[in-house]
Amino acid sequence: MASCLKMTDPVLLTLAGSFSTESSPAQPILQNLALAAVVDGDFLPDEPSKLFHNAAEVDYIAGANDMDGHIFTSLDIPSINSMLVDTPIEDVKTLLASYTKEKGNAGLEEAFSTYSSDWGAKPSRETIKKTAVAVGTDYIFLVPTQAALYMHAKKATTGRTYSYLLTEPNRLGGLTTPYPSWMGCDHMDDLQFVFGKPFATPLGYWPRHRDLSRYMIAYWTNFAKTGNPNQGDSEVPATWPEFKSDGHKYLEIHHNMDKSYVRQKMRMRYVHFWSSVLPSLPSLKTE
């Protein structure tokens, strides 16, 4: 089969695949995006988690947006974007069940207990919706990124590690806009600021957005030039500390940021759940 595949036109192989845009809490759209790197022993010689020693001398920045998962979770649970329609708690449970299905009921119970621990007796409509977004954000983006940061920091020799969380609210959040008023920073919201869009099309942005863009451009260009986001030709509003295996410090990026925006142990309870608690549970037996 391998030799046959090597002789087959890759375009034909790609077109022969199927892709469904339908999604639900029971069938999250993420599961339809079956695109992943393959460990072939050549281009990718091993699992990425086992290759960080090769980057021991490489400086590394990684982070997430605080509502990165909204882009996918709002497709799985459309009621998230409605200010007037409740999101059923069962939808949150079903989404969690989809992401923990290899661990069965034990995985679901641990997951729901983790994400509902701060709800109280009667969680608000907003709380339930934000929890659903948090599940997607953590599972798809934030936790894998934090895992990569941990591994890089652990294996680093001269390489420096930097972690961030972008919390600037989405510009489309509000009473008369497509997104709810509590909307945070969605997936890809960072790109407009890194590439200076608020300066290129100023009428579409407020002065605070230009402040944020200036900060992000400064950090990113300093890092590209020196390997340190704090050192370079551009002044920055706060000193970005290195992410170390013991302190887990990161920088919260926001238009209002100052030195008080240095944080520690990003969403540690949830990182611990996905990276330690869930994997430790027994997996369901499959035929």
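The numbering of the sequence shown is UniProt numbering, which starts it at 1 and goes up by one. All C-beta atoms in this analysis are idealised placements derived from N, C-alpha and C, irrespective of residue type, glycine included. Note that the structure is a prediction, hence the values are computed from the model and not measured.
#### Entry: Residue environment, N170, which counts as buried when at least 16 other CB atoms sit within 10 Å
On the sequence shown, position 170 is the one that residue 170 refers to. Buried, since its Cβ has 16 or more Cβ neighbours within 10 Å.
### Proximity below 9 Å, CB of L172 to CB of S163
Within the sequence shown, numbered from 1, the residue matching residue 172 stands at position 172. Within the sequence shown, numbered from 1, the residue matching residue 163 stands at position 163. No, they are not a contact pair.
### Message
Here's a check: name, in chain order, each residue in its chain whose Cβ is nearer than 7 Å to the Cβ of N65, leaving out the five neighbours to either side.
### Response
The residue you call residue 65 lines up with position 65 of the sequence shown. The residues are L166, C185, D186, H187, D189, D190.
### Task
From the DSSP output, in three-state form, read off T8 for me.
Reading the sequence shown from its first residue, position 8 is the one you call residue 8. Coil, per DSSP.
#### Entry: Cut-off 6 Å between Cβ atoms - residues of its own chain near V133, not counting five sequence neighbours on either side
Working through the sequence shown from its first residue, we reach residue 133 at position 133. Contacts found: M67, G69, H70, T73.
#### Entry: Residue range of the alpha helix (DSSP H) that includes Y219
As a first step, residue 219 must be located in the sequence shown, where it is residue number 219. In the DSSP annotation of this structure, the continuous segment of the alpha helix (DSSP H) that includes Y219 starts and ends at 207-226.
### Message
My output table needs one value for V262: the three-state DSSP class, helix, strand or coil.
### Response
As a first step, residue 262 is located in the sequence shown; it is residue number 262 there, counting from the start. Strand.
#### Entry: G159 versus E57, P123, R263, V262, residue with shortest Cα-Cα distance
If you number the sequence shown from 1, residue 159 lands on position 159. Comparing Cα-Cα distances from G159 to each of E57, P123, R263, V262, the minimum goes to E57.
### Query
Rounded to a whole number of angstroms, what is the C-alpha to C-alpha distance between I80 and T127?
Looking up residue 80 in the sequence shown gives position 80. Looking up residue 127 in the sequence shown gives position 127. Answer to the nearest angstrom: the Cα atoms are 11 Å apart.
### Task
Measure the Cβ-Cβ separation of P48 and I89 and say whether it is below 9 Å.
As a first step, residue 48 is located in the sequence shown; it is residue number 48 there, counting from the start. As a first step, residue 89 is located in the sequence shown; it is residue number 89 there, counting from the start. The answer is no: Cβ separation not under 9 Å.
### Message
Short of 8 Å in beta carbon distance, which residues of its chain neighbour N222, apart from the five on each side in sequence? Order them along the chain.
### Response
One-based indexing of the sequence shown puts residue 222 at position 222. So the qualifying residues of the chain are N228, P229, N230, Q231, G232, D233, S234, V236.
### Task
Could you please give the first and the last residue of the uninterrupted beta strand (DSSP E) stretch that includes S163?
In the sequence shown, the residue the question calls residue 163 occupies position 163. Following the DSSP letters along the chain, one finds S163 inside the beta strand (DSSP E) bounded by residues 161-166.
### Task
Since I believe W274 is in contact with Y139 (beta carbons under 8 Å), could you give me their beta-carbon distance rounded to a whole number of angstroms?
The sequence position of residue 139 within the sequence shown is 139, counting from 1. The sequence position of residue 274 within the sequence shown is 274, counting from 1. Rounded, the Cβ-Cβ distance is 7 Å, consistent with contact.
### Task
Look at the Cβ atom of L95, then the Cβ atom of D76, and state whether they are nearer than 9 Å.
On the sequence shown, residue 95 is found 95 positions in, with the first residue counted as 1. On the sequence shown, residue 76 is found 76 positions in, with the first residue counted as 1. Cβ atoms of L95 and D76: closer than 9 Å.
### Task
Starting from E252, trace the beta strand (DSSP E) both ways and give me its first and last residue.
As a first step, residue 252 is located in the sequence shown; it is residue number 252 there, counting from the start. Here the beta strand (DSSP E) through E252 covers 249-253.
### Query
Sorted by chain position, which residues of the same chain lie with C-beta nearer than 8 Å to D46's C-beta, five sequence neighbours on each side aside?
Stepping through the sequence shown from its first residue, residue 46 is reached at position 46. Answer for D46: V39, listed in chain order.
### Task
Output the distance between the C-alpha atoms of N256 and L212, rounded to the nearest integer angstrom.
Here residue 256 refers to the residue found at position 256 when the sequence shown is read from its first residue. Here residue 212 refers to the residue found at position 212 when the sequence shown is read from its first residue. Their backbone Cα atoms lie some 8 Å apart in a straight line.
### Query
At which residue ranges does the region 47-71 contain complete alpha helix (DSSP H) runs of 4 or more residues, listed in the order of the chain?
Complete alpha helix (DSSP H) runs here, min 4: none at all.
### Task
Starting from the Cα of E252, find the closest Cα among V262, S245, K244, F243 and give me that residue.
Position 252 of the sequence shown, counted from the start, is the residue given in the question as residue 252. The shortest C-alpha separation from E252 is found at V262.
### Task
Look at the alpha carbon of R267 and the alpha carbon of L142, and state the distance between them as a whole number of angstroms.
Looking up residue 267 in the sequence shown gives position 267. Looking up residue 142 in the sequence shown gives position 142. When rounded, the distance between both Cα atoms is 9 Å.
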